[in-house]
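As given, the protein sequences belong to chains A and B, one line each in that order.
Per our numbering, the first sequence runs over residues 69 to 284.
Per our numbering, the second sequence runs over residues 3 to 197.
Just so you know, even glycine gets a beta-carbon here, dropped at the ideal spot from N, CA and C.
In this text the structure is predicted, and so the values were computed from the model without any measurement.
Everything on this sheet refers to the single structure shown next.
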Amino acid sequence: MSRIRDNSISWETFNEGLWKENPVFVMLLGMCPVLAVTNSAMNALAMGIATAFVLVASSTLVSLLSKYIPKQVRIATYIIIIATFVTIVDYVIQAISLDLYNALGAFIQLIVVNCMILGRAESYASKYRPLKSIVNALGMSAGFTIALLSLGVVREILGAGSLFGIQLFGDNFQPWVVMVLPPGGFLVLGAWLLLFDWVNQRQQKKAEKQEAHHAS
Amino acid sequence: MQADSLSFIFLNTVLANNFVLAMFLGLCPFLGVSGKLSMAVPMGIATLFVMLVSSISAYAVNIILVALDIEFLRLIAYIAIIASAVQLVEMTLKKYSPTLFRSLGIFLPLITTNCAILGLALFQTFYQYNFAQSVTYAFGAGTGFILAITLMAGLREKLVLSKLPSVTQGAALSLMLGGLLSLAFMGFAGLGSVH
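Here you go:
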């Protein structure tokens with residue numbers, strides 16, 4: 069086979085998902101759970117962990133089986149593998165905490181159609197060795213969980229005045245209720261993206277200035 | 003209005019519990035294909051088609067799953083149904099309306115990974131809707147999707163001509179717009195009690 073690829077694992081393998089190709093802030097993948105379940109920090113964390121399990125497990129299996137999956141039916145096979153792990157997560161969460169299960173609702177089962185997981189299976193796990201795929205999937209999951217948390221924390225503090233269910237402010241705090249309602253999801257993610265774009269633009273301008281300085 | 007009457011289900015899914023703006027389902031096409039009105043409307047119609055077909059098939063398959071007592075296979079079964087429903091709609095359109103097929107062509111395969119479709123199938127099972135209710139629910143969800151994506155595309159077409167700070171060129175602006183639309187749709191929540 070002509071697919072000789074670098075299978076060595078470095079910090080870059082992990083860091084790719086954490087920062088450079090962050091699934092939420094950079095690639096805008098898996099938007100539905102990002103906005104729907106981040107109305108509290110706890111829900112966001114649970115969703116992040118559930119997605120991480122599915123992503124790591126399916127990446128491992130896809131990477132192990134990649135030689136045996138015929139090219140024509142690969143997408144269908146990946147979806148079946150992902151759906152199997154999602155079913156497992158669904159039943160496990162139901163067994164551990166019924167409250168959490170009710171709060172997340174159908175969004176646990178909707179992990180199946182999270183484009184990030186299918187994207188990783190197609191573009192990474194099917195091409196690299198299992199160990200490297202696992203490291204990369206862990207990085208991606210960490211990036212996804214951090215993104216979910218950064219939304220959940222902001223929305224919970226502004227909308228309910230609490231963090232992980234612990235009240236932060238006194239009785240006089242007027243919660244900004246709209247933040248835990250659907251519009252808050254759009255607005256907070258929009259604000260985070262604005263911040264990211266602004267930081268990136270400043271860095272670019274700085275780099276350009278330095279280059280111009282060196283050239284002169 | 004009764005909470006399970008057909009007109010209530012329809013109005014509720016179109017306005018008060020709009021799939022995109024209140025339940026965050028189907029955001030990928032909502033943010034991705036809403037740049038132009040001429041692309042957003044066909045995308046909405048295609049989604050409505052697939053929603054109707056997959057809702058009916060999901061209803062039928064759920065009866066079989068319950069009868070055989072293998073409900074844990076529901077997720078896998080639904081995903082398979084949706085993928086085949088998309089294929090079916092694609093083939094039917096190709097045969098009977100090639101013009102429509104050409105204009106929708108590229109969007110159809112994308113619909114498989116639209117979480118609104120799987121969400122629809124899961125929710126109609128969760129609420130235990132009967133056949134007429136399921137079809138109404140699918141029709142309402144599809145209409146709501148068309149409404150949301152058309153509004154969004156109209157807004158974005160206007161914004162192309164206006165002056166904006168350079169930071170807001172990307173997805174951030176679309177999300178802010180979505181937030182405002184969602185805020186407006188929250189006003190409809192007073193129409194009736196939510197599930």
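I'd like to check one pair, residue j with residue i: are the Cβ atoms closer than 9 Å?
| i | j | result |
| --- | --- | --- |
| L183 of chain B | L23 of chain B | yes |
| L168 of chain A | A114 of chain A | yes |
| F175 of chain A | P101 of chain A | yes |
| L86 of chain A | A205 of chain A | no |
| I78 of chain B | A151 of chain A | yes |
| S126 of chain A | S194 of chain A | no |
| M110 of chain A | G233 of chain A | yes |
| P250 of chain A | L96 of chain A | no |
| M154 of chain B | L122 of chain B | no |
| A60 of chain B | A259 of chain A | no |
| A189 of chain A | I161 of chain A | no |
| V68 of chain B | I83 of chain B | no |
| V91 of chain B | A134 of chain B | no |
| A120 of chain A | F212 of chain A | yes |
| L217 of chain A | A112 of chain A | yes |
| S136 of chain B | S36 of chain B | no |
| W288 of chain A | V169 of chain B | Outside the modelled stretch of chain A, which goes from 69 to 284, sits residue 288 of chain A, for which no answer is possible. |
| I214 of chain A | V122 of chain A | no |
| P44 of chain B | S105 of chain B | yes |
| L199 of chain B | F103 of chain B | Summary: the structure shown does not reach residue 199 of chain B, with chain B confined to residues 3 through 197, and so no result is reported for it. |
| S201 of chain A | T155 of chain A | no |
| V181 of chain A | I81 of chain B | yes |
Residues bridged to residue i by DSSP?
| i | result |
| --- | --- |
| I84 of chain B | The partner list for I84 of chain B (beta bridge, DSSP) is empty, contrary to what the question assumes. |
| Q235 of chain A | A:S230 |
Buried or exposed for residue i, please, with buried defined as at least 16 other CB atoms from any protein chain shown within 10 angstroms of its CB.
| i | result |
| --- | --- |
| Q89 of chain B | exposed |
| T114 of chain B | buried |
| Y98 of chain B | exposed |
| G238 of chain A | exposed |
| V105 of chain A | buried |
| G189 of chain B | exposed |
| R223 of chain A | buried |
| I164 of chain A | exposed |
| I72 of chain B | exposed |
| P167 of chain B | exposed |
| K273 of chain A | exposed |
| T145 of chain A | buried |
| L255 of chain A | buried |
| F128 of chain B | exposed |
| Q177 of chain A | buried |
| Y159 of chain A | exposed |
| D6 of chain B | exposed |
| S9 of chain B | exposed |
| G181 of chain B | buried |
| N90 of chain A | buried |
| M93 of chain B | exposed |
| V157 of chain A | buried |
| L257 of chain A | buried |
| A42 of chain B | buried |
| V245 of chain A | exposed |
| V141 of chain A | exposed |
Please check the pair residue i and residue j, which I expect to be a contact at CB under 8 Å, by giving their CB distance rounded to whole angstroms.
| i | j | result |
| --- | --- | --- |
| G229 of chain A | S108 of chain A | Not a contact, Cβ separation roughly 12 Å. |
| A150 of chain B | N20 of chain B | 6 Å |
| A116 of chain A | C183 of chain A | According to the sequence displayed, residue 116 of chain A carries Gly and not Ala. Incorrect: roughly 16 Å between the Cβ atoms, too far for contact. |
| L226 of chain A | M247 of chain A | 4 Å |
| L186 of chain A | I147 of chain A | 7 Å |
| L39 of chain B | T152 of chain B | 7 Å |
| F125 of chain B | G46 of chain B | Contact doesn't hold; Cβ gap of about 19 Å is too wide. |
| G207 of chain A | E84 of chain A | 6 Å |
| M166 of chain A | L177 of chain B | The displayed chain sequence assigns Leu, not Met, to residue 166 of chain A. Not really, about 33 Å apart at Cβ, beyond 8 Å. |
| F12 of chain B | T138 of chain B | 5 Å |
Quick check: the stretch 21-36 of chain B against the stretch 116-136 of chain B, are at least 3 beta-carbon pairs closer than 8 Å?
Short answer: they touch.
Closer than 8 Å is the cut-off here; do at least three beta carbon pairs connect the stretch 44-55 of chain B with the stretch 141-150 of chain B?
Contact check between the stretch 44-55 of chain B and the stretch 141-150 of chain B: three or more CB pairs, one atom from each, fall below 8 Å, which counts as touching.
Evaluate the contact criterion for the stretch 131-147 of chain A versus the stretch 271-282 of chain A: three or more CB pairs, one atom per stretch, below 8 Å.
Contact between the stretch 131-147 of chain A and the stretch 271-282 of chain A is absent: fewer than 3 CB-CB pairs across the two stretches fall below 8 Å.
Near-chain D residues of the stretch 125-139 of chain B (beta-carbon distance less than 9 Å), N- to C-terminal order
Protein chains A and B are contained in the structure displayed, whereas chain D is not.
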